[in-house]
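K.L.:
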Amino acid sequence: MKPLTSLLVTIWLWIPCLAQSPDWNVAEQDFEHTMSLVAFLNLDGRTLEGLGNKVAAFVDGECRGVSSLTEVKSHQEHLAYLTLFGHSNNEVMTFKIYDATNNQVVDVDQPLVFRINSHRGNLLQPYSIAQPTLRASASITEVTLSGIPPLEKSNENATIVFRVDHSTSLGPHTLLFEPVEGAQVFWNNQPLASGDNQLDFSQPITIQVRSEDRSLLRSWTIVIERMGDLLVYKRNLSCLEAGAIKITGNRDGQSFSLVRAGQVISTRPMVNGEVLFESLFQGEYIVRSDAFEKQVFIE
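In case it helps, mature numbering (1 follows the signal peptide of the UniProt record, and there is no 0) puts the sequence shown at residues -19 to -1, 1 to 280.
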């Protein structure tokens, strides 16, 4: 009889644990209107997963909607698909989350205002039901390329341009980045990890940064541009020296002309990867060669 007794005791102990899962129900027939949510659940910075977790909406203690979590494999998410019931616009709804792991019900501080026939949230930006409230910042503080020091870098109008040596391959390369705390980075709607990626930069790529509460989604375009093999340097006038312009590159034997005020004042071939124009006065000059033109100001 002892094995049977042990089994009965085990079952008896297990039943109360199951019973603590809240029995939230909605009297749907009592309401005329609905709205819907696609939401994720978060407690103390931990996004809930698993079918045992639940969320429910209430107005003055009356349950107006309840949902368990559904796994969305395509987005590696567990989301709640909530239908909320109401009598009229502007009813203020509050949420409760059942955390199956800790077997507890948590009240959520942030309310939701009921809007008839409205919808909030989608697979990429689900509505946040969280306690405490999550951050709503979607920005990125640093973006670099692993192992490739750019000759120049610009960041304007959400477009980051890396200008690299002309011999640099355009891909694939590893992108390094640092989003603000809590934010997540995506590429092609899939999570992107800093340093653990290989991206083809033969065309500009676009990454997206999503805020911790997922309400904001901002895009950045990242471009790698190869600079020409020709580089132009200048030396301004000083008390001891006149101005000078130097061109370097891999164009030995190719002729370069120096133009001032529309007139060619000197033409020289590149020798040992260098052309040097010296004894220049202050003013505007243009360096010209085959498929190349560069404006230079000597000060």
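C-beta atoms are modelled at their ideal positions from N, C-alpha and C, and glycine is treated no differently.
As the structure is a computational prediction, the values presented were derived from the model and not from experiment.
Should the region 240 to 260 be called in touch with the region 210 to 230, which here means at least 3 C-beta pairs below 8 angstroms?
P.N.:
yes
K.L.:
Taking DSSP as the reference, what is the three-state secondary structure of Gln106?
P.N.:
Residue mapping note: residue 106 aligns to position 125 of the sequence shown, counting from 1. It is coil, neither helix nor strand.
K.L.:
On the premise that Leu198 lies in contact with Gln106, defined as a C-beta separation below 8 angstroms, what is that separation, rounded to the nearest angstrom?
P.N.:
Sequence index remark: in the sequence shown, residue 106 carries index 125 (1-based). Sequence index remark: in the sequence shown, residue 198 carries index 217 (1-based). That belief holds up - the Cβ atoms of Gln106 and Leu198 are roughly 6 angstroms apart, short of 8 angstroms.
K.L.:
Could you check the C-alpha separation between Gly31 and Asp80 for me, to the nearest Å?
P.N.:
Here residue 31 corresponds to residue number 50 of the sequence shown, with the count starting at 1. Here residue 80 corresponds to residue number 99 of the sequence shown, with the count starting at 1. If you take the alpha carbons of Gly31 and Asp80, they lie about 10 angstroms apart.
K.L.:
Within its chain, find whatever has a CB closer than 7 angstroms to the CB of Pro153; leave out the 5 residues flanking it on each side and keep chain order.
P.N.:
For the purposes of this step, residue 153 is taken as residue 172 along the sequence shown, with counting starting at 1. Closer than 7 angstroms at Cβ, skipping near neighbours: Gln179, Leu180 and Asp181.
K.L.:
Quick check: is any heavy atom of the ligand FAD less than 7 angstroms from the C-beta of Ala37?
P.N.:
Summarising the ligand content, the structure contains no ligands, and the ligand FAD is consequently not present.
K.L.:
One question on the structure: do Leu22 and Val36 come within less than 8 angstroms of each other, judged by their Cβ atoms?
P.N.:
Residue mapping note: residue 22 aligns to position 41 of the sequence shown, counting from 1. Residue mapping note: residue 36 aligns to position 55 of the sequence shown, counting from 1. Yes. Within cutoff.
K.L.:
When we look at the beta-carbon of Ser150 and count the other beta-carbons within 10 Å, is it buried (16 or more) or exposed?
P.N.:
One-based indexing of the sequence shown puts residue 150 at position 169. Exposed is the call here.
K.L.:
Between Gly264 and Arg241, how many whole angstroms is the CB-CB distance? I'm expecting something under 8 angstroms.
P.N.:
On the sequence shown, position 283 is the one that residue 264 refers to. On the sequence shown, position 260 is the one that residue 241 refers to. Contact between Gly264 and Arg241 holds, with the beta-carbon distance rounding to 6 angstroms and staying under 8 angstroms.
K.L.:
What whole-angstrom Cβ distance do Ser196 and Gln189 have, given they're in contact under 8 angstroms?
P.N.:
Within the sequence shown, residue 196 is the residue found at index 215, counting from 1. Within the sequence shown, residue 189 is the residue found at index 208, counting from 1. So it is not a contact: roughly 13 angstroms between Cβ atoms.
K.L.:
Whole angstroms are fine: how far does the CA of Asn169 sit from the CA of Leu63?
P.N.:
Residue 63 sits at position 82 when you count from the first residue of the sequence shown. Residue 169 sits at position 188 when you count from the first residue of the sequence shown. Between Leu63 and Asn169, the C-alpha separation is close to 27 angstroms.
K.L.:
Is it true that the region 199 to 217 meets the region 96 to 113, where meeting means three or more beta-carbon pairs spaced less than 8 angstroms apart?
P.N.:
no
K.L.:
What did DSSP end up calling Gln235 once you bin it into helix, strand or coil?
P.N.:
To locate residue 235, count along the sequence shown from 1; it is residue 254. It is coil, neither helix nor strand.
K.L.:
Taking the alpha carbon of Pro131 as the point to measure from, which residue in Thr140, Ser118 and His147 has its own alpha carbon closest?
P.N.:
Locating residue 131 in the sequence shown gives position 150, counting from the first residue. Of the listed residues, the one whose Cα sits closest to Pro131 is His147.
K.L.:
Going by beta-carbon coordinates alone, are Ser120 and Val161 separated by less than 8 angstroms?
P.N.:
For this step, residue 120 is matched to residue 139 along the sequence shown. For this step, residue 161 is matched to residue 180 along the sequence shown. Their beta carbons are under 8 angstroms apart, which means Ser120 touches Val161 by this criterion.
K.L.:
Hey, how far is the Cα of Val245 from the Cα of Ile267?
P.N.:
Residue mapping note: residue 245 aligns to position 264 of the sequence shown, counting from 1. Residue mapping note: residue 267 aligns to position 286 of the sequence shown, counting from 1. Each residue's alpha carbon lies about 9 angstroms from the other.
K.L.:
Within 10 angstroms of the Cβ of Lys77, are there 16 or more other Cβ atoms? Answer buried if so, exposed if not.
P.N.:
Your numbering for residue 77 matches position 96 in the sequence shown. Flag for Lys77 reads buried.
K.L.:
Check each candidate in Thr51, Gly234, Arg232 and Asp11 and name the one with the smallest Cα separation from Leu65.
P.N.:
Here residue 65 is taken as the residue at index 84 of the sequence shown, counted from 1. For the residues Thr51, Gly234, Arg232 and Asp11, the minimum Cα distance to Leu65 belongs to Asp11.
K.L.:
Please report the distance separating the alpha-carbon of Ala164 from that of Glu193.
P.N.:
One-based indexing of the sequence shown puts residue 164 at position 183. One-based indexing of the sequence shown puts residue 193 at position 212. Near 5 angstroms, if we compare the C-alpha coordinates of Glu193 and Ala164.
K.L.:
Here's a check: name, in chain order, each residue in its chain whose Cβ is nearer than 8 angstroms to the Cβ of Thr187, leaving out the five neighbours to either side.
P.N.:
To locate residue 187, count along the sequence shown from 1; it is residue 206. Closer than 8 angstroms at Cβ, skipping near neighbours: Trp168, Ser200, Trp201, Thr202 and Ile203.
K.L.:
Would you list the residues sitting across from residue 282 in a DSSP beta bridge?
P.N.:
Nothing about residue 282 can be reported from this structure: the residues present for the chain run from -19 to 280 only.
K.L.:
Which residues mark the beginning and the end of the beta strand (DSSP E) in which Met16 is found?
P.N.:
Counting from one through the sequence shown, the residue named residue 16 turns up at place 35. Start and end: His14 to Leu24.
K.L.:
DSSP three-state call for Ser49: helix, strand or coil?
P.N.:
The residue you call residue 49 lines up with position 68 of the sequence shown. Strand, per DSSP.
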